[in-house]
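J.: Before I ask anything, let me first share the structure, which is written out below as structure tokens.
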Amino acid sequence: MTDKATLRKNAEQTRAALARPEHGARLAAFASELPISSGVVSGYCACRSEADPKALMAALASRGLHLALPVIVQKAAPLRFHRWQEGDELVLHRFGVAEPLPTADIVEPDVLLVPLLAFDDAGYRLGYGGGFYDRTLAALRAKKPITAIGIAYAGQRIDHLPRDAYDQRLDAVLTEEGLTRF
3 MTDKATLRKN
13 AEQTRAALAR
23 PEHGARLAAF
33 ASELPISSGV
43 VSGYCACRSE
53 ADPKALMAAL
63 ASRGLHLALP
73 VIVQKAAPLR
83 FHRWQEGDEL
93 VLHRFGVAEP
103 LPTADIVEPD
113 VLLVPLLAFD
123 DAGYRLGYGG
133 GFYDRTLAAL
143 RAKKPITAIG
153 IAYAGQRIDH
163 LPRDAYDQRL
173 DAVLTEEGLT
183 RF
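For the sequence shown, our numbering gives the first residue as 3, with consecutive numbering after it.
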């Protein structure tokens with residue numbers, strides 16, 4: 003079995019090779035298939051070669067859903083979520099992630115759109131190794147049902163990822179080929 007550090011390096015290279023500008027529009031075309039009817043959806047601002055959910059988020063907002071973006075509070079803490087809509091000002095966090103202004107309302111999401119480096123057939127994801135989304139999903143799921151949807155390129159799928167007890171499973175992954183539920 004390959005260790006996570008090696009998998010991350012290979013997965014970043016694979017994802018970079020898969021990145022296409024039209025991918026976001028293809029994701030948005032599947033907005034009606036997502037298991038979301040109301041509430042707050044947290045997306046993210048894509049960085050590096052992450053699959054960009056911006057067009058998907060716009061499609062969800064047009065259906066009346068409220069949007070939020072994550073904020074990194076501190077290294078070993080769950081993410082915090084601030085209300086966001088297209089056109090709101092963003093600030094660049096020290097990790098290179100665009101975030102809402104600290105004055106934006108804090109909200110608790112019902113659905114998380116989750117970036118990833120790779121995902122497997124059981125619904126587990128490989129992230130950057132900071133544990134932000136695993137901690138966040140665990141904390142939110144301790145309070146209420148949360149739907150976690152990975153946003154990816156189809157070519158990021160691998161058969162099996164090594165996992166630890168703290169790894170949180172996704173409920174689905176959306177790629178340019180459609181939605182896969184786990």
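Glycine included, every Cβ here is placed at the ideal spot set by N, Cα and C.
Check this for me: beta carbons of Arg82 and Val75, under 8 Å apart or not?
T.: Within the sequence shown, the letter at position 80 stands for residue 82. Within the sequence shown, the letter at position 73 stands for residue 75. Yes, the pair counts as a contact, with Cβ atoms nearer than the cut-off.
J.: For the beta strand (DSSP E) containing Arg183, list its first residue and its last residue.
T.: Your numbering for residue 183 matches position 181 in the sequence shown. 180-183 is the span of the beta strand (DSSP E), which, as asked, contains Arg183.
J.: How many whole angstroms separate the CB atoms of Asp169 and Tyr126, which I take to be in contact at a CB cut-off of 8 Å?
T.: Here residue 169 is taken as the residue at index 167 of the sequence shown, counted from 1. Here residue 126 is taken as the residue at index 124 of the sequence shown, counted from 1. About 6 Å; that satisfies the 8 Å criterion.
J.: If you run the structure through DSSP and keep just helix, strand and coil, what is Pro16?
T.: Numbered from 1 along the sequence shown, position 14 holds the residue referred to as residue 16. Sequence check: residue 16 is Thr here, not Pro. Three-state result, Thr16: helix.
J.: Closer than 8 Å is the cut-off here; do at least three beta carbon pairs connect the stretch 22-33 with the stretch 51-61?
T.: Result yes; three or more Cβ-Cβ pairs closer than 8 Å.
J.: Pull up the distance between the alpha-carbon of Gly132 and that of Ala78, whole angstroms please.
T.: As a first step, residue 132 is located in the sequence shown; it is residue number 130 there, counting from the start. As a first step, residue 78 is located in the sequence shown; it is residue number 76 there, counting from the start. Cα-Cα distance, rounded: 8 Å.
J.: When we look at the beta-carbon of Leu62 and count the other beta-carbons within 10 Å, is it buried (16 or more) or exposed?
T.: Numbered from 1 along the sequence shown, position 60 holds the residue referred to as residue 62. Label assigned to Leu62: buried.
J.: Can you tell me whether Leu128 is helix, strand or coil according to DSSP?
T.: The sequence position of residue 128 within the sequence shown is 126, counting from 1. Residue state, collapsed to three classes: strand.
J.: At the level of alpha carbons, what is the spacing between Ala120 and Asp107?
T.: Residue numbering aside, residue 120 sits at position 118 when the sequence shown is read from its first letter. Residue numbering aside, residue 107 sits at position 105 when the sequence shown is read from its first letter. Looking at the two C-alpha atoms, the distance is approximately 32 Å.
J.: Leaving out five residues on either side along the sequence, give the residues of the same chain with a beta carbon under 8 Å from the beta carbon of Cys49.
T.: As a working mapping, residue 49 is identified with position 47 in the sequence shown. Counting only Cβ-Cβ distances below 8 Å, and skipping sequence neighbours, we find Gly98, Val99, Ala100.
J.: My output table needs one value for Leu58: the three-state DSSP class, helix, strand or coil.
T.: By one-based count along the sequence shown, residue 58 stands at place 56. Helix.
J.: Is Thr162 helix, strand or coil when you go by DSSP?
T.: To locate residue 162, count along the sequence shown from 1; it is residue 160. Sequence check: residue 162 is His here, not Thr. Three-state DSSP puts His162 in coil, outside helix and strand.
J.: Would you kindly report the start and end of the unbroken beta strand (DSSP E) that includes Leu92?
T.: Numbered from its first residue, the sequence shown carries residue 92 at position 90. Element bounds for Leu92: 92-94.
J.: With contact counted as at least three CB pairs below 8 Å, one residue from each stretch, are the stretch 5-20 and the stretch 28-40 in contact?
T.: The stretch 5-20, when compared against the stretch 28-40, does not touch it at the 8 Å Cβ threshold.
J.: Throw me the rounded Cβ distance for the Leu58 and Ala33 pair, which I believe falls under 8 Å.
T.: Taking the first residue of the sequence shown as position 1, residue 58 is located at position 56. Taking the first residue of the sequence shown as position 1, residue 33 is located at position 31. Rounded, the Cβ-Cβ distance is 6 Å, consistent with contact.
J.: With DSSP collapsed to three states, give me the class of Leu67.
T.: Residue 67 sits at position 65 when you count from the first residue of the sequence shown. The answer is coil: DSSP assigns Leu67 none of H, G, I, E or B.
J.: Between the Cα of Gly180 and those of Asp161, His162, Leu114, Ala154, spot the shortest distance and give me the residue it belongs to.
T.: Within the sequence shown, the letter at position 178 stands for residue 180. When only C-alpha atoms are compared, the closest one is Ala154.
J.: For Asp2 and Ala70, what's the separation of their Cα atoms in angstroms?
T.: A query on residue 2 cannot be resolved here, the shown segment of the chain reaching from 3 to 184 and no further.
J.: Alpha helix (DSSP H) containing Leu139: first to last residue?
T.: Translated into the one-based positions of the sequence shown, residue 139 becomes position 137. First-last of the alpha helix (DSSP H) with Leu139: 134-143.
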